[in-house]
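Protein chains in written order, with the working numbering: chain A, 17 to 142; chain B, 17 to 142. Virtual Cβ for every residue (Gly too), placed ideally from N, Cα, C. Just so we're clear, the structure is a prediction, and the values are computed from it rather than from any experiment.
Protein chains: 2
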Amino acid sequence: MPIWTYIWFMARAATTSDAFNAVAEPQRRRILVLLKGHERSVNELARALRITQPRTSKHLRVLREVGLVRVREAGQQRLYGLDARGLEPMHEWVIGFEQYWNENFDRLNEYVKKLQQKEHADGKRR
Amino acid sequence: MPIWTYIWFMARAATTSDAFNAVAEPQRRRILVLLKGHERSVNELARALRITQPRTSKHLRVLREVGLVRVREAGQQRLYGLDARGLEPMHEWVIGFEQYWNENFDRLNEYVKKLQQKEHADGKRR
DNA sequence: TTGACACATGCCGATATGGACATATATTTG
DNA sequence: CAAATATATGTCCATATCGGCATGTGTCAA
């Protein structure tokens, strides 16, 4: 039996499959922002985000599994720290579009005009 | 009844809720890449991605709803074009972490050394 | 008008999700 | 040792997802 038989039902990629998925959740993005510069304990994060502790722990678990955060044991606390290296691929991907969202109106208008001309030139092609 | 009662069951944010979610799906990222520079028809995209046409159409719908692509009718075809402006917020967010993944080895080593020292100082805790 | 083509959408099924809540585990303190 | 504290995890629930497949709609050409 071929492999794809088993992976047929892949309703949606797991949040732990990569940084893109992990970071799609707003609370997790907020956590990463809070972790800039210094470590924080779970309760500290929960209070800052105004969400429950289990909820915070679960989000941290996802971030841990994709390697965006590290944990350090400190007594009864777990101090979470940022490991932003996993975000670089996202940056690489998105920066590849910079020239397109920066297209100024002149170029955009020119582009549209060109399209219209082409449409005209083609006439009723095909 | 308070509003949160109705939004209690938010299993997972809709893929159409923002660019972050829309772009979490690999095929949709590939579509956007294929759309750099020029428009493409649905079948063209389907062939390039080697996926079925309905599947392609569904991904395009998501991208359309978050405003990352535009459609233009051309006879019986629909030509999809990139509208990358919606990616700028993603870039803004991720670029805020650049200094952290760029932390050079000196600082990283220093950090690790500090951790080890602390661990040592703690003795054989636990 | 009819057939061919391009595309969108509806239905079905299995899945992982995120939240609330309760509970388990481990550490510190008295 | 017991209570308190910090954290992780398991269960339950409603949902949206993505994939395949079938079908509907619209356009073009003969």
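List the whole-angstrom C-beta distance separating residue i from residue j, where the pair is believed to meet the contact cut-off of C-beta under 8 Å.
{"i": "G102/A", "j": "V87/A", "result": "Rounded, the Cβ-Cβ distance is 15 Å, inconsistent with contact."}
{"i": "L65/A", "j": "R45/A", "result": "At roughly 11 Å, the Cβ-Cβ gap does not stay under 8 Å, so L65/A and R45/A are not in contact."}
{"i": "P105/B", "j": "A35/B", "result": "7 Å"}
{"i": "L98/B", "j": "L48/B", "result": "6 Å"}
{"i": "V110/A", "j": "V110/B", "result": "6 Å"}
DSSP three-state label for residue i, please.
{"i": "T31/A", "result": "coil"}
{"i": "F93/B", "result": "Note that residue 93/B is Gln in the sequence shown, not Phe. Of the three classes helix, strand and coil, the one that applies to Q93/B here is strand, per DSSP."}
{"i": "K66/B", "result": "According to the sequence displayed, residue 66/B carries Arg and not Lys. Note: R66/B maps to coil in three-state DSSP."}
{"i": "L98/A", "result": "strand"}
{"i": "V87/B", "result": "strand"}
{"i": "R142/A", "result": "In this prediction, R142/A scores a pLDDT of 31, lower than 50, which makes its location untrustworthy; the coordinate-derived value is nonetheless stated afterwards. R142/A falls in the coil class under three-state DSSP."}
{"i": "F36/B", "result": "helix"}
{"i": "V82/A", "result": "coil"}
Below 6 Å CB to CB, which residues in the same chain sit around residue i once its five sequence neighbours on both sides are set aside?
{"i": "T32/B", "result": "V78, E81 and V82"}
{"i": "N37/A", "result": "A29 and T31"}
{"i": "E89/B", "result": "none"}
Between residue i and the rest of its own chain, which residues show a CB-CB distance below 7 Å, the 5 nearest in sequence each way excluded?
{"i": "S57/A", "result": "Q93, R94 and L95"}
{"i": "T68/B", "result": "A62"}
Terminal residues of the continuous alpha helix (DSSP H) containing residue i?
{"i": "L48/B", "result": "P42 to L50"}
{"i": "V110/A", "result": "E104 to I111"}
{"i": "E55/B", "result": "Element bounds for E55/B: n/a, residue is neither H nor E."}
{"i": "E114/B", "result": "E114 to W117"}
Leaving out five residues before and five after residue i in sequence, what residues of the same chain have Cβ atoms less than 8 Å from its Cβ?
{"i": "K52/A", "result": "L98"}
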